[in-house]
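Protein chains in written order, with UniProt numbering: chain Y, 1 to 356; chain F, 1 to 191. Even glycine gets a Cβ: it sits at the ideal position worked out from N, Cα and C. A quick write-up on the structure given underneath.
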Amino acid sequence: MNFYLLYILVALAIFGFIAAFALFSVYAERKVSAFIQDRLGPMEVGKYGVLQTAADILKLIQKEYIVPTLADKVLFGLAPIIIFLAVYLGFVALPWAPGLVPASMNFGVFYVFAIISVEALGIMMAGWGSNNKYSLLGAVRSVAQIVSYEIPIGFAIISAVMIAQTLDLQVINQNQGVLATAPVQFLGFIDVKAVGGILAWNVFQAPHLLVAYVIYFIASLAECNRAPFDLPEAESELVAGFHTEYSGMRFAFIFLAEYAMMFLVAMLGVTLFLGGWNTPLPNIGTLKLANYTTGLFWGIFWMMAKCLTVVGVQMWIRWTLPRLRVDQLMTLCWKILTPLAFLCLVISGIWKLLLF
Amino acid sequence: MILKTAFKGLQTSWKGLVLTLKHFFEARKSKVVADVKSPNYFDQQNGIATVQYPRQELPVPEVGRYQLDVVIDDCIVCDLCAKICPVDCIEIESIKATEAIGKTSDGSVKRLYAAKFDIDMAKCMFCGLCTTVCPTECITMTNGYDRSFSLVTDLTYHFSDMTEEEAELRREELEAQLAERKAAKEAAMKK
């Protein structure tokens, strides 16, 4: 019985985290965008507008569910649930700290990658179910984009997995720091297992993974439909894209999924390439910084710090770069990112063959 | 070829990103709200540009041409402003006085009472034609721009200082005078 209670508690904890993160990051996004554009952003609700997003969600909760007369009611109602669940379930396999992972599974990378592609289905259902040309156009663009960018993102992930030699996210994390069970080699030949820190991260174990991470990062922006790849919800062209017809809590859930997705792709990237919950501080001689700063709470701290930095960069990019055209989007994916990611994959293979 | 394109893409993106990052860090300070006439106005190039309006206000020139104002004591109720108004936002009702009421500040003789002098600021398009035709310069544009109301009817400004009873009294006086004149005329005809 306690067994199930724990399950429910874990699920609630993840949901609570997603909700809190969405509230925080919407506020952060509005402030970041404002500062970049020499504005002040929300200032009226609470000191410096800190309660702005709380007020927004209160408003959304009170709003009416409007269903268009000609909408496909079943698809329309199910879509936000599927979109949210796809992202929500993705969090299940991601490790937070040594020994702290909601569900430890030996195919974690594969599971996360598979479950977040279900989001495309939800988006298609939302676009088709709304019976609105803007929604449908947005959904078609979104699905085309997500399916295309899964190729480079997949190659980039595989090149990291080939270096790590495992699909278990917790083991991948472990092998990038002082708790490693496998050999850890900086740049492939200097043993840094006892030193740990930033030198043991995957991107420094095999430097071509830095390129792979950049590819992963660019493709992940497209996966979560963020600028400069926000064609599915291009405000200036498609009203709001696939969620044009949504209101109230249904809209809130689509929005929640969008921000949760940002954190999810950041977390997956951090886990695969940037050392996950491992500390960036190395052991220097008798000063065992890496050993001091590894542990349950340190793990959560480093994970949050790294992910929030990546999310910050996502916001920074969103408010800097203009939206790509559809053909440019596809050119970038198929003609640049895919070959480069494939190159990384090949280098990973050769790396593993020659160095071990 | 691919590498060159990819490198160029990253390089140009980085250029833009540096620019926005610079603005992001410059947002620590705000521009001081200053009059455009102040000598160092154009020295403030960086920082947050927002003016938090109800709490901060941009200084406007004293001779600003915003909302209309009427000094009713100077008005001779000539109706020229109402006639020239392109959007008909001025409504005037005049009552002839039985004798000259007085003089305006520039010496024109007032012979009409303004029973009603309403300007509908919701209709006004701030062209300023009424101020140019006014012979006594009693209708002017002021530097007031920030009046807001919760009722649309409040946007109609009433400038007449006559009460309804007073207007009625003046009307009766006028009628009495007219009746008197008519009687005098008839009496003259009979002779």
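Residues that residue i contacts on chain Y, provided the C-beta gap is smaller than 9 Å
i             : result
H23 (chain F) : F35, I36, Q37 and D38
Check whether residue i and residue j have beta carbons under 7 Å apart
i                     : j              : result
W201 (chain Y)        : G269 (chain Y) : no
M121 (chain F)        : T131 (chain F) : no
F159 (chain F)        : V70 (chain F)  : yes
L321 (chain Y)        : P228 (chain Y) : yes
S148 (chain Y)        : S348 (chain Y) : no
T279 (chain Y)        : T294 (chain Y) : yes
V92 (chain Y)         : L264 (chain Y) : no
residue 358 (chain Y) : T166 (chain Y) : Chain Y is shown from 1 up to 356; residue 358 (chain Y) falls before or after that span and cannot be answered.
A68 (chain F)         : V133 (chain F) : The sequence as given places Leu at residue 68 (chain F); Ala does not occur at that position. Cβ distance not < 7 Å, so L68 (chain F) and V133 (chain F) don't count as in contact.
S220 (chain Y)        : K63 (chain Y)  : no
L329 (chain Y)        : I215 (chain Y) : no
A115 (chain F)        : M162 (chain F) : yes
residue 358 (chain Y) : V178 (chain Y) : Residue 358 (chain Y) cannot be examined here, being either before or after the span of chain Y that is shown, 1 to 356.
I72 (chain F)         : A82 (chain F)  : no
C224 (chain Y)        : A266 (chain Y) : no
Per-residue contacts from residue i into chain Y (C-beta, under 7 Å)
i            : result
T5 (chain F) : I336
Alpha-carbon to alpha-carbon, residue j and residue i
i                     : j              : result
I163 (chain Y)        : F342 (chain Y) : 14 Å
D38 (chain Y)         : C124 (chain F) : 34 Å
residue 393 (chain Y) : R30 (chain Y)  : Limits of chain Y in this structure are 1 at one end and 356 at the other, which puts residue 393 (chain Y) out of reach.
Y48 (chain Y)         : S30 (chain F)  : 14 Å
L272 (chain Y)        : M1 (chain Y)   : 35 Å
R318 (chain Y)        : R226 (chain Y) : 7 Å
P207 (chain Y)        : L187 (chain Y) : 6 Å
F21 (chain Y)         : G90 (chain Y)  : 15 Å
S104 (chain Y)        : E44 (chain Y)  : 44 Å
E172 (chain F)        : P54 (chain F)  : 49 Å
N283 (chain Y)        : N106 (chain Y) : 30 Å
G197 (chain Y)        : M249 (chain Y) : 43 Å
I81 (chain Y)         : F3 (chain Y)   : 26 Å
V109 (chain F)        : V152 (chain F) : 36 Å
A13 (chain Y)         : G154 (chain Y) : 29 Å
F149 (chain F)        : L155 (chain F) : 7 Å
G102 (chain F)        : E165 (chain F) : 21 Å
L3 (chain F)          : A55 (chain Y)  : 48 Å
A34 (chain F)         : S33 (chain Y)  : 25 Å
Q205 (chain Y)        : A182 (chain Y) : 12 Å
Under 9 Å from the C-beta of residue i: neighbouring residues of chain F
i              : result
L340 (chain Y) : I2, L3 and A6
M43 (chain Y)  : T50 and Q52
Within chain F, the residues that residue i reaches when beta carbons sit closer than 7 Å
i              : result
L321 (chain Y) : S13 and G16
M261 (chain Y) : Within 7 Å Cβ-Cβ: nothing; M261 (chain Y) doesn't reach chain F, min ~22 Å.
Closer than 8 Å at the beta carbon, the chain Y residues around residue i
i             : result
A27 (chain F) : A34, F35, I36 and D38
Cross-chain neighbours of residue i in chain F, by beta carbon under 8 Å
i              : result
W316 (chain Y) : L17, T20, L21 and F24
Residue i - partner residues in DSSP beta bridges
i              : result
M141 (chain F) : F:L68
L112 (chain F) : F:K96
D161 (chain F) : Looking at the DSSP assignment, D161 (chain F) forms no beta bridge with any residue, so it has no partner.
S30 (chain F)  : F:I48
G349 (chain Y) : None, per the DSSP bridge assignment.
D191 (chain Y) : Y:Q185
To be precise: take each residue of the stretch 45 to 60 of chain F, compare its Cβ to all Cβ atoms of chain Y, and keep it if any distance is under 9 Å. Which residues remain? N46, G47, I48, A49, T50 and Q52
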